[in-house]
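Contents: one structure, followed by commentary.
In the numbering used here, the protein residues as written are 1 to 337.
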């Protein structure tokens with residue numbers, strides 16, 4: 001639910017390449033996104049779509065080399081992230097913008113206790129004493145369901161799910177204005193998953209935090225998101241409100257994602273997987289990257305296409321967007337061929 005119209009995250013025409021000795025990986029290919037105060041944007045797509053690269057770019061954490069931000073603009077809370085000095089970036093990371101990393105094994109320092117790691121961020125950004133910072137760190141552990149008595153323990157003494165909760169505690173410790181959650185519930189069981197999503201949702205509602213939720217799980221999207229951006233081969237292929245995407249998916253790839261998940265209303269229904277594989281990011285086609293896997297493709301799909309507006313909130317990257325027969329088939333769930 002939107003709190004007001006203040007834009008906290010604005011991405012324009014972002015292009016990210018990984019330039020290797022023999023080839024170039026075109027990871028992100030000109031995406032634009034806006035997230036306002038109190039909004040949650042779900043970033044959805046298969047592995048390799050460019051979601052994590054986009055998230056890392058928001059914090060200016062793309063590893064250079066081989067990563068290169070070729071073009072584009074990223075503004076976080078009014079700050080031009082890509083032009084900031086390392087010292088300036090230190091000030092906003094963890095305070096204005098924070099990230100829940102996908103792999104807690106590499107996100108945590110193995111030689112510091114979990115309490116120290118949470119307190120470190122609080123002490124740096126809020127200027128509290130070491131004792132006061134540790135007290136708040138204990139509260140953060142309790143908030144994510146870890147007994148505060150375990151604050152003196154090291155990461156190797158925690159399970160994968162517990163490590164993930166520690167990473168979440170670090171990310172939300174300083175009440176960031178923009179929170180990026182990269183598959184935050186991957187290592188958690190269903191019960192803890194629900195608790196973590198409730199914690200994140202509560203933070204968003206209390207503080208008006210802008211949240212970017214990166215996930216493969218459309219159930220998580222349905223529970224937490226106001227807007228959805230569907231990524232494929234480094235581009236946004238469909239963007240809209242939660243209702244736009246769930247009630248009237250228009251891109252064939254979005255349709256494929258929904259067809260690939262089971263339904264509780266018809267337990268005997270067969271899943272319809274998307275045929276083929278995602279394209280090689282070092283050899284992307286000139287036209288639609290989804291064309292080789294698309295059952296609706298025609299010759300014009302091999303030519304470059306651009307984003308089209310279907311209404312005030314719903315956009316689609318597809319050259320067949322204005323064909324009435326195509327749209328009717330999509331609304332019905334597709335009569336393929």
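Ideal Cβ positions, reconstructed from N, Cα and C, are used throughout, including at glycine.
Rounded distance between the beta-carbons of residue j and residue i, thought under 8 angstroms
i, j, result
"residue 244", "residue 313", "6 angstroms"
"residue 211", "residue 200", "7 angstroms"
"residue 145", "residue 102", "With a Cβ gap of about 19 angstroms, residue 145 and residue 102 do not count as contacting."
"residue 62", "residue 31", "Residue 62 to residue 31, Cβ: 14 angstroms. No contact."
"residue 56", "residue 35", "In fact, because the Cβ distance is near 16 angstroms, the residues do not count as touching under 8 angstroms."
"residue 107", "residue 167", "5 angstroms"
"residue 156", "residue 115", "With 8 angstroms as the limit, residue 156 and residue 115 do not qualify as a contact, their Cβ atoms being about 15 angstroms apart."
"residue 98", "residue 176", "4 angstroms"
"residue 54", "residue 81", "That belief does not hold up - the Cβ atoms of residue 54 and residue 81 are roughly 12 angstroms apart, past 8 angstroms."
"residue 274", "residue 293", "6 angstroms"
"residue 228", "residue 197", "Contact flag wrong, Cβ pair sits at about 16 angstroms."
"residue 174", "residue 126", "6 angstroms"
"residue 347", "residue 158", "Within the shown structure, residues of the chain are numbered from 1 to 337, placing residue 347 beyond reach of any answer."
"residue 90", "residue 12", "No, residue 90 and residue 12 are not in contact; Cβ-Cβ is about 24 angstroms, not under 8 angstroms."
Counterpart residues of residue i in DSSP-defined beta bridges
i, result
"residue 181", "100, 213"
"residue 307", "317"
"residue 322", "Answer is none; residue 322 lacks a bridge partner."
"residue 34", "10"
"residue 80", "75"
"residue 15", "29, 71"
"residue 228", "42, 240"
"residue 24", "19"
"residue 93", "97"
Burial state of residue i (16 or more Cβ within 10 Å)
i, result
"residue 60", "buried"
"residue 251", "buried"
"residue 282", "exposed"
"residue 213", "buried"
"residue 139", "exposed"
"residue 51", "buried"
"residue 170", "buried"
"residue 240", "buried"
"residue 149", "exposed"
"residue 42", "buried"
"residue 163", "buried"
"residue 21", "exposed"
"residue 324", "exposed"
"residue 267", "exposed"
"residue 277", "exposed"
"residue 202", "exposed"
"residue 363", "Because the chain here runs from 1 to 337, residue 363 falls outside it and cannot be looked at."
"residue 25", "buried"
"residue 85", "exposed"
"residue 160", "exposed"
"residue 265", "exposed"
"residue 261", "exposed"
"residue 337", "Residue placement at residue 337 is flagged as unreliable, the pLDDT there being 34, under the threshold of 50; a coordinate-derived value is accordingly withheld."
"residue 298", "exposed"
"residue 147", "exposed"
"residue 182", "buried"
"residue 249", "buried"
"residue 215", "buried"
"residue 49", "buried"
Same chain only: Cβ atoms within 8 angstroms of residue i, ignoring 5 sequence neighbours per side
i, result
"residue 79", "88, 92, 96"
"residue 128", "122, 136"
"residue 285", "279, 291, 292, 302"
"residue 224", "40, 42, 197, 200, 201, 211, 213"
"residue 305", "287, 288, 317, 318, 319"
"residue 230", "44, 45, 236, 237, 238, 239, 245, 251, 253, 254, 257"
"residue 130", "119, 123"
"residue 217", "185"
Contacting residues, own chain, Cβ-Cβ under 6 angstroms from residue i (five flanking each side not counted)
i, result
"residue 303", "287"
"residue 300", "319"
"residue 75", "10"
"residue 259", "272"
"residue 133", "119, 122, 123"
"residue 193", "185"
"residue 67", "18"
"residue 309", "315"
"residue 172", "203"
"residue 256", "274"
"residue 70", "15, 17"
"residue 104", "163, 164, 167"
"residue 178", "8, 9, 76, 97, 210"
Own chain partners of residue i with C-beta closer than 7 angstroms, once the 5 adjacent residues on each side are dropped
i, result
"residue 204", "38, 40, 211"
"residue 322", "none"
"residue 5", "36"
* To do: Write down every uninterrupted run of the alpha helix (DSSP H) in the stretch 230-300 whose length is 4 residues or greater and which is fully enclosed by it, in chain order.
  => 242-247, 252-259
* To do: Output the residue ranges of the alpha helix (DSSP H) runs that lie fully inside the stretch 37-69 and measure 4 residues or longer, sorted by chain position.
  => Counting only unbroken stretches of 4 or more residues, the alpha helix (DSSP H) elements lying wholly within the stretch 37-69 are 51-58, in sequence order.
* Sequence ranges, alpha helix (DSSP H) only - wholly within the stretch 105-130, length at least 4 -> 114-126
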